[in-house]
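Add 7 to a position in the sequence shown, counting from 1, and you land on the number used in the working numbering.
Structure, as structure tokens:
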Amino acid sequence: MIESLAVPSRPLESAPAVRAAWPKALIVMAHPDDEYALAATAYRISRELGGVVDHVVITNGAGGYRYAALAEAIYGVSIAREADGRANLPAIRRQETLNAGRVLGIRRHHFLEQTDSGFEDDCAGASWHAWDCALVRHRLAGLLGGDDYDFVFTLLPSPGCHGHHRATARLVLEAVADLPEECRPVVLGAEAGRLADAPCAFGGLPEDALTRTAASTPAIVFDRNAPFGNQPALNYQIVANWVIGEHKSQGLFQTDCGKHDAERFWAFAVTPHALERCRELARRLLPTGRVGDFFAGL
Ligand SMILES: [Zn+2]
């Protein structure tokens, strides 16, 4: 029996008062820690704009044992050997996700507890065939039908990315395509990168029309170097680093601290007027007011 939980997070005591709940966003990811790609954006929506962010994690993260050795001393159990990791990591990674969610101001977590098969040599070839896709589709349909989300975030399903990330994006796009056009949230494919590097061009996977984007360039770019409030010494990189620090079982992930200063989002064409709706989100998101810079190329 696959267990599914919704866990409300406790707000930070210093959180600003909630204003109108816009935007309402749903993050749908394959693995615990994938939310890193939009850490600053999620924080800004929930903690500063008065919006709502919920989070679905499809797998139980049991495949994340390869670089878990450093955290064995923290958790007091064996997690770096495959058999031990598969037994002990799901509970640990769920708690790590809840901890990261408290940083990000996540309203509800939904853990779908699907098998995380991991991969041999190439993450792009990771299989999702052990997932109960009917259950995932049912849960996504229930969430999308039960709440009027404005945006759904998943990872960009670029050809070389982890197979689980591509499968997740496909399931999200299927669920959104099943809604009447006027009810569809905008689906955004996220990727963390460096502002110094040009973003990839992603128009969709060639064999899959559902993954077609409204533009091959990012519709929104959030600069994690943006100053935090009126304190120029602080910026949104700190939030992303907090999220990394909560996922202690993911040892190699810790070396990403400070590495990515851009959160880029491609808008999928499944939703009418996706780019216009992204423009409105960008106006609210970007604390520097440099909206024009971020729409170059559209
Ligand atoms: Zn992942």
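We put the CB at the ideal spot given by N, CA and C, even for glycine.
All of these numbers come straight from a predicted model, not from anything done at the bench.
Cβ-based neighbour list, V218, same chain, cut-off 8 angstroms, excluding 5 preceding and 5 following = Counting from 1 along the sequence shown, the entry for residue 218 is found at position 211. A small fix is needed here, since residue 218 is Thr in this sequence, not Val. Here the set comprises P164, A176, R177, L180, G211, L212, F275.
In terms of residues, what are the limits of the beta strand (DSSP E) holding T79?
-> For the purposes of this step, residue 79 is taken as the residue at position 72 of the sequence shown. Here residue 79 turns out to be Glu, not Thr, going by the sequence shown. No beta strand (DSSP E) contains E79, which is instead part of the alpha helix (DSSP H) from 79-82.
Where do the N-terminal and C-terminal ends of the alpha helix (DSSP H) with N248 fall, by residue?
-> Start at 1 with the first residue of the sequence shown, and residue 248 comes out as number 241. Segment 244-253, the alpha helix (DSSP H) holding N248.
Verify whether the separation of the beta carbon atoms of E42 and A107 is less than 8 angstroms.
-> The count along the sequence shown starts at 1 and reaches residue 42 at position 35. The count along the sequence shown starts at 1 and reaches residue 107 at position 100. The answer is yes: Cβ separation under 8 angstroms.
Would you tell me roughly how many angstroms separate the C-alpha atoms of T220 and D155, rounded to the nearest one?
-> Locating residue 220 in the sequence shown gives position 213, counting from the first residue. Locating residue 155 in the sequence shown gives position 148, counting from the first residue. Taking the straight line joining both Cα atoms gives about 22 angstroms.
Taking just the CA atoms, how far does L45 sit from L241?
-> For this step, residue 241 is matched to residue 234 along the sequence shown. For this step, residue 45 is matched to residue 38 along the sequence shown. Using only the alpha carbons, I get a separation of about 18 angstroms.
How is T161 classed by DSSP in three states: helix, strand or coil?
-> Stepping through the sequence shown from its first residue, residue 161 is reached at position 154. Reduced to three states, the DSSP call for T161 is strand.
Using the C-alpha atoms, what's the distance from E55 back to F301?
-> Taking the sequence shown and counting its residues from 1, one reaches residue 301 at position 294. Taking the sequence shown and counting its residues from 1, one reaches residue 55 at position 48. At F301 the pLDDT is 44, less than 50, meaning the model places this residue with poor confidence and gives no usable figure here.
Close beta carbons around A184, own chain, < 6 angstroms, minus the five adjacent residues each side = As a first step, residue 184 must be located in the sequence shown, where it is residue number 177. Cβ neighbours of A184 beyond the five flanking positions: V277.
F160 versus K31, R291, L293, R290, residue with shortest Cα-Cα distance | On the sequence shown, position 153 is the one that residue 160 refers to. Measuring from the Cα of F160, the nearest candidate turns out to be K31.
Would you report the Cα separation of E270 and R231, rounded to the nearest angstrom?
-> Translated into positions along the sequence shown, residue 270 becomes position 263. Translated into positions along the sequence shown, residue 231 becomes position 224. Rounded to whole angstroms, E270 to R231 spans 7 angstroms at the Cα level.
What separation, rounded to the nearest whole angstrom, lies between the Cα atoms of A224 and A203?
-> Against the sequence shown, residue 224 aligns to sequence position 217. Against the sequence shown, residue 203 aligns to sequence position 196. It should be pointed out that residue 224 corresponds to Thr in this sequence rather than to Ala. Cα to Cα, T224 sits roughly 15 angstroms from A203.
Applying the criterion that 16 or more other CB atoms from any shown protein chain within 10 Å of the CB defines a buried residue, is Q238 buried or exposed?
-> Here residue 238 refers to the residue found at position 231 of the sequence shown. The residue is exposed, with fewer than 16 neighbouring Cβ atoms inside 10 Å.
Please state whether DSSP places F260 in a helix, a strand or coil.
-> Sequence index remark: in the sequence shown, residue 260 carries index 253 (1-based). Looking at F260 - three-state DSSP - the assignment turns out to be helix.
Which residue from A98, G58, E103, F235 puts its Cα closest to that of D157?
-> One-based indexing of the sequence shown puts residue 157 at position 150. Nearest option by C-alpha distance: G58.
By a C-beta neighbour count over all protein chains shown, 10 Å radius and 16 as the cutoff for buried, is P192 buried or exposed?
-> Position 185 of the sequence shown, counting from 1, holds the residue named residue 192. Looking at its Cβ environment, which holds 16 or more other Cβ atoms inside 10 Å, P192 is buried.
Where does L202 fall in DSSP's three states?
-> The residue given as residue 202 occupies position 195 in the sequence shown. Looking at L202 - three-state DSSP - the assignment turns out to be coil, as it is neither helix nor strand.
Is any beta-carbon of chain D found at less than 8 angstroms from that of E103?
-> Among the chains of the structure shown, chain D does not appear; only one protein chain is present.
For ligand 3, any of its heavy atoms closer than 7 angstroms to the Cβ of L292?
-> Annotation note on ligand 3: not contained in the displayed structure, which lists ligand 1 as its ligands.
Burial state of A182 (16 or more Cβ within 10 Å) = Within the sequence shown, numbered from 1, the residue matching residue 182 stands at position 175. Buried, since its Cβ has 16 or more Cβ neighbours within 10 Å.
Are the stretch 75-94 and the stretch 241-260 in contact at 8 angstroms, needing three or more beta carbon pairs?
-> yes
Exposed unless 16 or more other CB atoms sit within 10 angstroms - verdict on P39 | As a first step, residue 39 is located in the sequence shown; it is residue number 32 there, counting from the start. Answer is buried; the Cβ neighbour count reaches 16.
Do you know how far the Cα of R201 is from the Cα of K266?
-> Numbered from 1 along the sequence shown, position 259 holds the residue referred to as residue 266. Numbered from 1 along the sequence shown, position 194 holds the residue referred to as residue 201. Distance between the alpha carbons of K266 and R201: 7 angstroms.
CB of H172 to nearest heavy atom of ligand 1: below 7 angstroms?
-> Counting from one through the sequence shown, the residue named residue 172 turns up at place 165. Checking every heavy atom of ligand 1 against the Cβ of H172, one is found closer than 7 angstroms.
A90 versus A47: straight-line alpha-carbon distance, rounded = Residue numbering aside, residue 90 sits at position 83 when the sequence shown is read from its first letter. Residue numbering aside, residue 47 sits at position 40 when the sequence shown is read from its first letter. Their Cα atoms are separated by approximately 35 angstroms.
Where does H136 sit, in a helix, a strand or coil, going by DSSP?
-> Translated into the one-based positions of the sequence shown, residue 136 becomes position 129. It is coil, neither helix nor strand.
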